[in-house]
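In the working numbering, the protein residues as written are 529 to 946. For each residue, glycine too, the CB sits at the ideal point set by N, CA and C.
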Amino acid sequence: MPSPLPYFLDDFPGIGGALKQRAEDFFVAEIPAYEPSGEGEHVMVEVQKIGMTTPDAVRLIARQLGVERRVVGYAGMKDARAVTRQIMTISGVTPEQVREVKTDGLAVLWAERHRNKIRLGHLAGNRFVVRVREVDPMRVIALLPALAVLERRGVANYFGQQRFGVRDENDLLGAAFLRGDDAAVLRLLLGEPRPGVDAPQSLEAREAFAAGDHERSMSALPHWAHSERAALSRFIRTADAAAAVRAVDSAVRRLWVSALQSRMFNDVLAARVKDIDRLIDGDIAFKHENGACFAVPLAAAEQPRADAFEISATGPMIGATMLRPDGRALEIETAALAAAGVSAEVFTANDRDQAPGERRPLRVRPTELRAESGVDAHGPYITLGFTLPRGAYATVLLRELMRNDDAVAQAEAPGDSA
Numbered sequence: 529m530p531s532p533l534p535y536f537l538d539d540f541p542g543i544g545g546a547l548k549q550r551a552e553d554f555f556v557a558e559i560p561a562y563e564p565s566g567e568g569e570h571v572m573v574e575v576q577k578i579g580m581t582t583p584d585a586v587r588l589i590a591r592q593l594g595v596e597r598r599v600v601g602y603a604g605m606k607d608a609r610a611v612t613r614q615i616m617t618i619s620g621v622t623p624e625q626v627r628e629v630k631t632d633g634l635a636v637l638w639a640e641r642h643r644n645k646i647r648l649g650h651l652a653g654n655r656f657v658v659r660v661r662e663v664d665p666m667r668v669i670a671l672l673p674a675l676a677v678l679e680r681r682g683v684a685n686y687f688g689q690q691r692f693g694v695r696d697e698n699d700l701l702g703a704a705f706l707r708g709d710d711a712a713v714l715r716l717l718l719g720e721p722r723p724g725v726d727a728p729q730s731l732e733a734r735e736a737f738a739a740g741d742h743e744r745s746m747s748a749l750p751h752w753a754h755s756e757r758a759a760l761s762r763f764i765r766t767a768d769a770a771a772a773v774r775a776v777d778s779a780v781r782r783l784w785v786s787a788l789q790s791r792m793f794n795d796v797l798a799a800r801v802k803d804i805d806r807l808i809d810g811d812i813a814f815k816h817e818n819g820a821c822f823a824v825p826l827a828a829a830e831q832p833r834a835d836a837f838e839i840s841a842t843g844p845m846i847g848a849t850m851l852r853p854d855g856r857a858l859e860i861e862t863a864a865l866a867a868a869g870v871s872a873e874v875f876t877a878n879d880r881d882q883a884p885g886e887r888r889p890l891r892v893r894p895t896e897l898r899a900e901s902g903v904d905a906h907g908p909y910i911t912l913g914f915t916l917p918r919g920a921y922a923t924v925l926l927r928e929l930m931r932n933d934d935a936v937a938q939a940e941a942p943g944d945s946a
C-alpha cells in the first residue's frame with residue numbers, strides 16, 4: 529500500500545478532528561459553467577437533495593415527469609450523505625412541469641429553458657461547507673494563517689483516496705489490465721482476501737476464489753458486486769481469464785486506467801509538493817484562465833506569472849495525446865512510471881481501453897475560504913467553507929487542515945468526484 533502523501537503546509541500543526549457522516553454536516557453546491565439560455569428543448573434546473581444519490585434523484589425526477597432517465601443530464605455525482613445542490617437538464621418537458629416536482633429529500637429551486645443537455649464535467653466548480661467534529665473550537669484561530677497560505681500559494685491538487693477504491697487497488701487493476709496480465713486482474717478483483725478491509729460477504733467470496741472454489745465464491749458475492757459477478761460468471765463458463773476481464777463493463781475498466789493515471793500524478797505531485805508554486809525548466813504549464821497548456825523551457829521567465837497564480841506547473845495524466853515535459857520535470861515523471869511498473873507506451877501500444885491523456889495542474893486556488901466555530905446538540909465543531917474548481921477534491925483540502933488521515937480517508941466529501 530502506498531505511503532501517505534506528504535503535506536504541503538509543513539509548518540501548520542493541523543486541527544485534528546473527524547468528519548462525521550451526518551448529512552447536515554456537509555453542504556455542497558455546484559457552480560454552473562454557464563447560465564440557462566432561456567430558450568431551447570431542454571429545461572435547466574437546480575435541485576436540492578438530502579439523503580439521496582445523484583442516480584436516485586435522476587430516477588425519481590424521471591418517474592415523476594414520465595420521461596426516460598437518459599433525457600436527464602447532470603454535471604457531477606453527489607453523495608447521499610449531504611445537503612447538495614446540483615444542476616440538471618431535462619428534455620421533453622416544460623419548466624412549469626419541472627417546478628412541480630417535489631418529494632421527501634428533493635426540491636426544485638428553479639427551472640428555465642436551455643439549449644443543450646448538461647453532461648459530466650459541465651460545471652465551474654463546487655462550493656463546500658463542512659463541519660469538523662471532535663475538535664477544540666478554539667483551534668479555529670490557528671486556521672487563519674493556514675487559510676491565507678492556501679489562498680496565496682494554492683492547495684496540492686492530489687486525487688482523493690476514494691479514487692483508488694476501498695481496497696486502494698484500482699490503480700493496480702489498471703496497471704495489470706494495460707499490461708495484459710488478465711490473471712493478475714482476476715486475482716486483484718476476486719481473490720487476495722484482506723480481513724479487516726473487505727466486508728464479511730466479500731471476504732468470504734475472495735477466500736473461496738483464492739482456494740479455487742469458484743462456485744462458492746459466486747454464491748458469496750454480494751448482489752452489488754456487479755463487476756466481480758460478471759467476471760467470475762464468465763470465468764466459470766470459459767476458464768479464460770481474458771474473456772472474464774472483457775466481461776467487466778468498459779466504464780469500470782476505464783476507471784481502473786484512470787486510477788493508474790491518478791496514482792502516477794499523485795506520485796509526481798508528492799515529489800514536488802513543497803514547491804507547488806514553483807516552475808522548473810522543462811515544465812508544461814497550465815493557464816488557469818482557460819485550461820490551455822504550454823512548454824516552459826526557462827522557468828525564470830515564467831515564474832512571475834506563477835507567482836500571480838496565472839499559471840501553474842502540471843503533472844501527467846498519461847495518455848496518447850498528453851504533452852510531455854523535458855529536463856528535470858520529465859525525470860520526475862519517468863520515475864513515477866517506473867514505480868508503477870508500466871511505461872508511457874503501454875497506454876497506447878495495445879487494443880485495451882485507452883485514455884487520451886492530459887496535463888493536470890499541480891495546485892488549484894481555493895476561494896471564499898472561511899472558518900468558524902460553534903456548538904450544537906452533537907457537540908463543538910469548526911465549520912470550514914471554501915470553493916474549489918472542477919476536478920479538485922474537498923477531502924484533500926480538509927486533510928491538509930486537519931492532519932488526520934484516518935478521519936479524512938473514511939469520509940468521501942460530497943462533490944469530490946465531480
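Buried or exposed by the 16-neighbour rule on C-beta atoms within 10 Å, applied to residue i
| i | result |
| --- | --- |
| alanine 866 | exposed |
| arginine 722 | exposed |
| leucine 929 | buried |
| glycine 688 | buried |
| leucine 926 | buried |
| isoleucine 846 | buried |
| glycine 649 | exposed |
| glycine 902 | exposed |
| threonine 612 | buried |
Range of the contiguous alpha helix (DSSP H) that encloses residue i
| i | result |
| --- | --- |
| methionine 605 | Careful: methionine 605 lies outside any alpha helix (DSSP H) and carries neither H nor E. |
| asparagine 794 | 778-800 |
| asparagine 685 | Careful: asparagine 685 lies outside any alpha helix (DSSP H) and carries neither H nor E. |
Cβ pair residue i, residue j closer than 9 Å
| i | j | result |
| --- | --- | --- |
| valine 595 | tryptophan 638 | no |
| leucine 897 | leucine 678 | yes |
| proline 527 | aspartate 664 | Only positions 529 to 946 of the chain appear in the structure, and residue 527 is not among them; the question remains open. |
| alanine 863 | alanine 769 | no |
| arginine 667 | glycine 843 | no |
| valine 773 | leucine 714 | yes |
| threonine 923 | glutamine 549 | no |
| phenylalanine 554 | arginine 659 | yes |
| leucine 651 | valine 629 | no |
| arginine 785 | glycine 702 | For clarity, residue 785 is valine in the given sequence; the question names arginine instead. Contact flag set, yes. |
| glutamate 517 | serine 619 | Lying outside 529 to 946, the shown extent of the chain, residue 517 is not represented and no answer is given. |
| alanine 813 | alanine 828 | no |
Same chain, Cβ closer than 8 Å to residue i, neighbours up to 5 away in sequence not counted
| i | result |
| --- | --- |
| threonine 915 | Ile559, Gly653, Asn654, Arg655, Phe656, Pro894, Thr895 and Glu896 |
| leucine 858 | Gly810 and Arg852 |
| threonine 966 | Any answer about residue 966 is impossible in this case: the structure gives the chain only from 529 up to 946. |
Neighbourhood of residue i by C-beta distance below 7 Å, restricted to the same chain and skipping five residues each side
| i | result |
| --- | --- |
| valine 776 | Ser755, Ala758 and Ala759 |
Straight-line gap, residue i to residue j (C-alpha atoms, nearest Å)
| i | j | result |
| --- | --- | --- |
| glutamine 831 | arginine 887 | 18 Å |
| leucine 718 | arginine 591 | 36 Å |
| alanine 834 | isoleucine 804 | 10 Å |
| lysine 815 | arginine 765 | 52 Å |
| glutamine 614 | glycine 682 | 25 Å |
| glycine 724 | serine 730 | 11 Å |
| leucine 807 | glycine 819 | 17 Å |
| alanine 841 | threonine 617 | 35 Å |
| leucine 588 | methionine 580 | 10 Å |
| alanine 946 | arginine 918 | Interpretation of alanine 946 is limited by its pLDDT of 43, a score under 50 that renders its predicted location unreliable; no figure is taken from the coordinates. |
| glycine 708 | glutamate 900 | 51 Å |
| phenylalanine 875 | isoleucine 910 | 44 Å |
Spatial neighbours of residue i in its chain, beta-carbon cut-off 6 Å, leaving aside the 5 residues before and after
| i | result |
| --- | --- |
| alanine 711 | Ala769 |
| alanine 635 | Gln576 |
| glycine 855 | Asp809 and Gly810 |
Run of the beta strand (DSSP E) containing residue i, from where it starts to where it stops
| i | result |
| --- | --- |
| arginine 774 | No beta strand (DSSP E) holds arginine 774; the alpha helix (DSSP H) holding it covers 769-774. |
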